[in-house]
Amino acid sequence: NAGVIQTPRHKVTGKGQEATLWCEPISGHSAVFWYRQTIVQGLEFLTYFRNQAPIDDSGMPKERFSAQMPNQSHSTLKIQSTQPQDSAVYLCASSSPGGADAEQFFGPGTRLTVL
Amino acid sequence: QQNVQQSPESLIVPEGARTSLNCTFSDSASQYFWWYRQHSGKAPKALMSIFSNGEKEEGRFTIHLNKASLHFSLHIRDSQPSDSALYLCAVTGGYKVVFGSGTRLLVSP
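Protein chains in written order, with this note's numbering: chain A, 26 to 140; chain B, -13 to 95.
The following block contains the structure:
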């Protein structure tokens, strides 16, 4: 079991460019979460999928962020027109089946730097 | 809206010391209470969890929960330099997990 896989590990974009981050959850896990981590804000919830369906995107900045899960083996987080304040480590986690007692397994994260 | 707060923000202890980390939460309907550990540059990894009042011990780590006080804590016995990391408490209700901002622990040899 390779664990949760995230690519790329590092991404540098210019202000206004688009960034797409990829996550491959652990096989068999039905719940996928995206978080953003910064020194100042800590670990912030962005969005949650269960069995590929979007359940909760209450943490997503509405206008430029979007997430999809086209199949059970990967999810993407897309940020349009990136801004310097989007610089953070973006973490993907998966769990099975996604209840309160389910441990979340995190990927290594993608460090996004917006110049 | 769940509010999870951790204290202290950072902590330096000598090797072999007992370390205590604290977490408070605001929603009394919270179900599970977790501690995650994140070494520098690595992914957070679950240490242990508890769902009922009392304490639970796993090796050098003990978690205490007092739901009435909206408080839980992590105690590390015989702290080791390898315990140096960011410790995140987390509270779950249903699928939603709310993390605290973390306590950065440094164990000096």
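For every residue, glycine included, the Cβ atom is placed at its ideal position computed from N, Cα and C. Since the structure is predicted, the reported quantities are computational estimates derived from the model, not experimental observations.
Short CB-CB distance (under 7 Å) between residue i and chain B
{"i": "residue 90 of chain A", "result": "no"}
{"i": "residue 126 of chain A", "result": "yes"}
{"i": "residue 149 of chain A", "result": "With chain A represented from 26 up to 140, any question about residue 149 of chain A goes unanswered, as that position is not in the structure."}
{"i": "residue 140 of chain A", "result": "no"}
{"i": "residue 71 of chain A", "result": "no"}
Neighbourhood of residue i by C-beta, 8 Å cutoff - its chain only, sequence neighbours within 5 removed
{"i": "residue 1 of chain B", "result": "65, 66, 67, 93, 94, 95"}
Cβ-Cβ separation, residue j to residue i (assumed contact under 8 Å), whole Å
{"i": "residue 77 of chain B", "j": "residue 19 of chain B", "result": "6 Å"}
{"i": "residue 9 of chain B", "j": "residue 59 of chain B", "result": "7 Å"}
{"i": "residue 71 of chain B", "j": "residue 91 of chain B", "result": "6 Å"}
Cut-off 6 Å between Cβ atoms - residues of its own chain near residue i, not counting five sequence neighbours on either side
{"i": "residue 63 of chain B", "result": "4, 46"}
{"i": "residue 90 of chain A", "result": "104"}
{"i": "residue 61 of chain B", "result": "6, 48"}
{"i": "residue 136 of chain A", "result": "35, 114"}
{"i": "residue 73 of chain A", "result": "58, 80, 81"}
{"i": "residue 68 of chain A", "result": "60, 62"}
Buried versus exposed, by CB contacts within 10 Å (16 or more), residue i
{"i": "residue -10 of chain B", "result": "buried"}
{"i": "residue 64 of chain A", "result": "exposed"}
{"i": "residue 49 of chain A", "result": "buried"}
{"i": "residue 62 of chain A", "result": "buried"}
{"i": "residue 113 of chain A", "result": "buried"}
{"i": "residue -2 of chain B", "result": "exposed"}
{"i": "residue 40 of chain B", "result": "exposed"}
{"i": "residue 27 of chain A", "result": "exposed"}
{"i": "residue 41 of chain A", "result": "exposed"}
{"i": "residue 92 of chain A", "result": "buried"}
{"i": "residue 66 of chain A", "result": "exposed"}
{"i": "residue 82 of chain B", "result": "buried"}
{"i": "residue 132 of chain A", "result": "buried"}
{"i": "residue 126 of chain A", "result": "exposed"}
{"i": "residue 108 of chain A", "result": "exposed"}
{"i": "residue 29 of chain A", "result": "buried"}
{"i": "residue 139 of chain A", "result": "buried"}
{"i": "residue 57 of chain A", "result": "buried"}
{"i": "residue 15 of chain B", "result": "exposed"}
7 Å Cβ shell around residue i - same chain, five flanking residues per side excluded
{"i": "residue 22 of chain B", "result": "30, 31, 32, 33, 74, 76"}
{"i": "residue 55 of chain A", "result": "75, 76, 121, 122, 123"}
{"i": "residue 110 of chain A", "result": "none"}
{"i": "residue 12 of chain B", "result": "-12, -11, 56"}
{"i": "residue 99 of chain A", "result": "47, 48, 49"}
Any non-hydrogen atom of the ligand FMN within 6 Å of residue i CB
{"i": "residue 2 of chain B", "result": "The model on display carries no ligand, and the ligand FMN is accordingly not part of it."}
Min CB distance residue i to chain A below 7 Å
{"i": "residue 45 of chain B", "result": "no"}
{"i": "residue 58 of chain B", "result": "no"}
{"i": "residue 73 of chain B", "result": "no"}
{"i": "residue 40 of chain B", "result": "no"}
{"i": "residue 11 of chain B", "result": "no"}
{"i": "residue -6 of chain B", "result": "no"}
{"i": "residue 15 of chain B", "result": "no"}
{"i": "residue 2 of chain B", "result": "no"}
{"i": "residue 19 of chain B", "result": "no"}
{"i": "residue 54 of chain B", "result": "no"}
{"i": "residue 30 of chain B", "result": "yes"}
{"i": "residue 87 of chain B", "result": "yes"}
- Message: Output needed in chain order: residues of the region 38 to 58 of chain A with a Cβ under 7 Å from some Cβ in chain B.
- Response: The region 38 to 58 of chain A vs chain B, Cβ under 7 Å: 56.
- Please list the residues of the region 91 to 116 of chain A that have a C-beta atom closer than 8 Å to any C-beta atom in chain B, keeping them in chain order. Residues passing the 8 Å Cβ filter: 116.
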